[in-house]
Each structure stands twice: as structure tokens, then as C-alpha cells.
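Mapping the sequence shown onto full-length UniProt numbering, position 228 (from 1) lands on 228, and the numbers just tick up by one.
The beta-carbon is built from N, C-alpha and C at its ideal position, and this holds for glycine as well.
What follows is a short report on a single structure.
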Amino acid sequence: MATTAIDRTRRMLSLVTYLRERPGARVDEVARAFGITEDELISDLNVLPMCGTSFRGGDLLDIDTDGEHIWWYNADATGPGTGQPLRLAADEATALLVAARAVATLPGLRDGDRDALVRATAKLEAAAGESAGASSRVSVTFESEGGVFADVDRAITERRRLRIRYYSPGRDELTDREIDPIRLFAVGHTYVEAWCRRSEARRTFRLDRVAGIELLDTPADPPPIEPRDLSEGLVQPAPTDPEVVIEVGPGGRWVAEYYPHDAAEELPDGGLRVTLRTPDPATLRRLALRLGRDGRIVSPPALADSARAAARAALDQYEEVP
């Protein structure tokens with residue numbers, strides 16, 4: 001099951017308490033206690049040293065591991081009851097309060113988490129005093145995706161079919177589909193894994209690309225399939241998928257970090273020649289447009305021509321604006 005950002009944050013907060021009470025804890029024992037793999041634990045440990053009561057070096061958590069044991073070198077200095085009380089500037093208090101109120105309205109948030117967040121917000125308002133006033137004049141909502149989330153969550157709970165209008169950026173088209181939702185998960189964005197009646201296959205839909213949604217009375221009846229294994233990420237190309245070669249300049253090196261690839265060769269100008277596979281090469285046209293002068297599709301030639309045509313069409317649209 002994929003771990004959401006909320007689940008991971010909750011786990012890392014618990015991890016701080018756990019490690020404080022167990023100096024030199026073994027990596028394998030901690031991973032087993034939290035029900036995660038050792039690689040997932042190491043990933044959490046790489047994040048914790050960037051956390052603390054401030055961004056001053058002495059206030060960050062000095063946690064390290066040799067791969068076998070975990071050491072916290074400044075646990076006493078950063079423990080509860082030590083150091084100076086945390087003081088928030090007016091802009092910091094405003095940002096925290098606005099964010100907290102927005103998160104508290106998210107559908108799908110567990111009741112216990114919502115109640116805890118509301119209590120924490122009230123304490124923060126009291127501590128901030130006059131600084132909290134500005135936050136009451138600012139609000140943030142997640143109305144579009146939040147409404148879709150609520151309908152999908154209800155459909156899963158009540159085992160009902162959904163009718164959605166979905167935007168596919170790779171083909172730049174809207175399609176109407178009936179889906180039997182299986183589960184919600186988050187990997188950067190929020191998705192629903194479902195059995196699509198239009199294609200008679202398992203499909204994954206990003207919630208912020210759902211342009212319309214209707215909860216049907218028809219019972220959902222997906223075939224008995226195992227949820228996708230997302231341990232290696234959302235995009236998992238198959239060896240038989242078409243190969244695409246992209247060359248990027250120094251400003252486009254991030255492509256090799258965000259896209260699974262077979263090879264990334266260094267170029268003389270500091271760029272990369274990236275070879276990757278995708279079941280739908282047309283989806284990479286958007287990547288080419290996003291890269292602009294920082295990248296180009298080398299092969300297949302038809303896809304390269306298509307990307308250049310899309311770029312010209314986009315430029316023509318700008319020229320037509322009075």
C-alpha cells in the first residue's frame with residue numbers, strides 16, 4: 001500500500017520519540033517496529049537532519065546511521081524542555097495558521113487527525129495573539145480536487161461505480177468513462193486506481209485531471225486484481241515499451257531524476273542524453289514543450305517531429321493574441 005505524505009509525517013514524528021528513548025537503536029529492529037523496509041527507514045533518516053526548532057545548525061536534529069545502528073548526537077540539546085521557547089514572527093504564525101485551517105478542511109482526513117489539528121490551531125492562535133489576526137483575512141481551499149476526492153472516497157466506501165470526464169494531457173483530449181474505483185493513493189499527486197469499463201483494463205487517474213464526476217447507483221464490480229506495487233514509483237516502464245531518446249542541456253538535467261530511464265550519458269556541454277521507455281511516447285510531447293531550449297527529443301523521429309509541430313502551434317497561438 002502506498003504511503004501518503006500524512007502517513008509519512010506521522011511516522012517520522014513517532015520515529016523522533018522512538019529514537020530519543022533508544023540510543024544506538026539497530027536499523028533492522030527500528031524498521032521492523034515501524035512495519036517498513038530498511039530502505040524506507042534510511043530515507044526517513046535522511047530527512048530528519050533537515051528538521052528542528054530552527055534552521056540554525058545547532059537546532060537541527062543531528063541524526064546519523066552507519067547502516068547498522070542509528071545515532072542521535074544532540075538528543076539532549078534538542079529534547080523537550082531544553083533551549084529557548086519557540087517564537088514565531090507574525091508572517092510565520094500567519095502562514096502556519098492559514099495552512100492548518102486549509103488542511104483541516106481536506107476530505108479524507110482522519111477524524112482523530114482533524115481533531116488534533118483543530119486543537120493545535122487553537123493553541124497556536126492563543127500563543128500568536130495579535131499576530132493571528134492577519135490569518136483570519138486569508139483562506140486557502142482545495143475545492144476542485146477535494147470535491148472529486150470526496151466522491152471517489154464515497155464510491156469506494158459504498159462500492160459504487162463512477163462516471164468521470166477525464167483529461168488526458170498526452171492526447172490533449174477529454175473522454176467520458178465509467179470506472180469501478182479500487183483505491184486512492186498519493187505519489188506526488190492524488191490518484192484513484194480503478195477498473196475502467198471503457199478500456200476493460202486497470203487504469204490510474206489523477207484527481208486534478210477529472211473535469212466532471214458523477215456517483216452512479218450501479219454497484220462497482222472490479223475483477224479480483226491485486227493493487228499495483230508502487231514501491232518503485234508510479235511510472236514503471238516495461239522492457240517492451242517503445243524507447244525514446246531525449247537530449248537535455250544543463251538546465252534540464254532534472255529529467256534524469258524524475259523519469260525512470262535506461263541510460264543517462266554525459267554530454268560535452270554539461271547536459272545529458274537520456275534513454276527511457278514509455279507505453280505512450282506521445283505523452284513526452286508535454287515534457288519537450290516544458291523543456292523548451294533546455295531539451296529536445298532525438299528519437300523516434302516521428303515523435304520529434306510531433307513535438308516540434310506542437311511547439312510551433314503554441315507559438316502561433318501567441319502571435320494571434322492582439
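query, result
"Quick check on DSSP: helix, strand or coil for E266?", "strand"
"Relative to the alpha-carbon of L124, which residue among T94, P23, A256 and S168 has its alpha-carbon at the smallest distance?", "T94"
"Should P224 be labelled buried (16 or more other beta-carbon atoms within 10 Å of its own) or exposed?", "exposed"
"For a cutoff of 8 angstroms on Cβ pairs, would you count D66 as touching chain C?", "Of the chains in the structure shown, none is chain C; there is only one protein chain."
"Relative to the C-alpha of L97, which candidate in A116, A122 and N74 has its C-alpha closest?", "A122"
"Is the stretch 209 to 218 in contact with the stretch 264 to 282, if contact means three or more CB pairs nearer than 8 angstroms?", "no"
"Which term fits G252, buried or exposed, when burial requires 16 or more other beta carbons within 10 angstroms of its beta carbon?", "buried"
"Can you list, in chain order, the stretches of the beta strand (DSSP E) that have 3 or more residues and sit fully within the UniProt domain \"WYL\" (148 to 214)?", "160 to 168, 173 to 187, 189 to 196 and 201 to 206"
"Ignoring anything shorter than 3 residues or poking outside the UniProt domain \"WCX\" (242 to 315), list the beta strand (DSSP E) runs there in chain order.", "243 to 248, 263 to 266, 272 to 277 and 295 to 299"
"DSSP on G52, reduced to helix/strand/coil?", "strand"
"Out of R160, E173, A211 and D208, state which residue places its alpha-carbon closest to the alpha-carbon of W195.", "R160"
"Measure the alpha-carbon distance for V148 versus L207 and round it to whole angstroms.", "7 angstroms"
"Among the residues of its own chain, which have a CB less than 7 angstroms from the CB of G212, if the five just before and after it don't count?", "I164 and R165"
"Does DSSP classify R101 as helix, strand or coil?", "helix"
"Give every residue of the same chain whose Cβ lies closer than 8 angstroms to the Cβ of S14, excluding the five residues on either side of it in the sequence, and list them in chain order.", "F34"
"Take the Cβ of A155 as the centre, count every other Cβ of all protein chains shown within 10 Å, and call the residue buried at 16 or more, exposed below.", "buried"
"Mind checking whether P281 and V244 have CB atoms under 8 angstroms apart?", "yes"
"Measuring alpha carbon to alpha carbon, tell me which of P260, G129 and I63 ends up nearest T275.", "P260"
"Whole angstroms are fine: how far does the CA of D113 sit from the CA of I42?", "26 angstroms"
"For the beta strand (DSSP E) that D64 lies in, which residues bound it at each end?", "I63 to T65"
"Could you give the distance in angstroms between the alpha-carbon of R11 and the alpha-carbon of L174?", "39 angstroms"
"How big is the Cα-Cα spacing for A128 and A89?", "9 angstroms"
"Have a look at A310 and R277 and give me their C-alpha separation to the nearest angstrom.", "21 angstroms"
"Quick check on DSSP: helix, strand or coil for R10?", "helix"
"Can you check which of these residues, L284, R228 and D28, is closest to S299 by C-alpha distance?", "L284"
"Report the rounded CA-to-CA distance for I70 versus V152, giving the unit in angstroms.", "41 angstroms"
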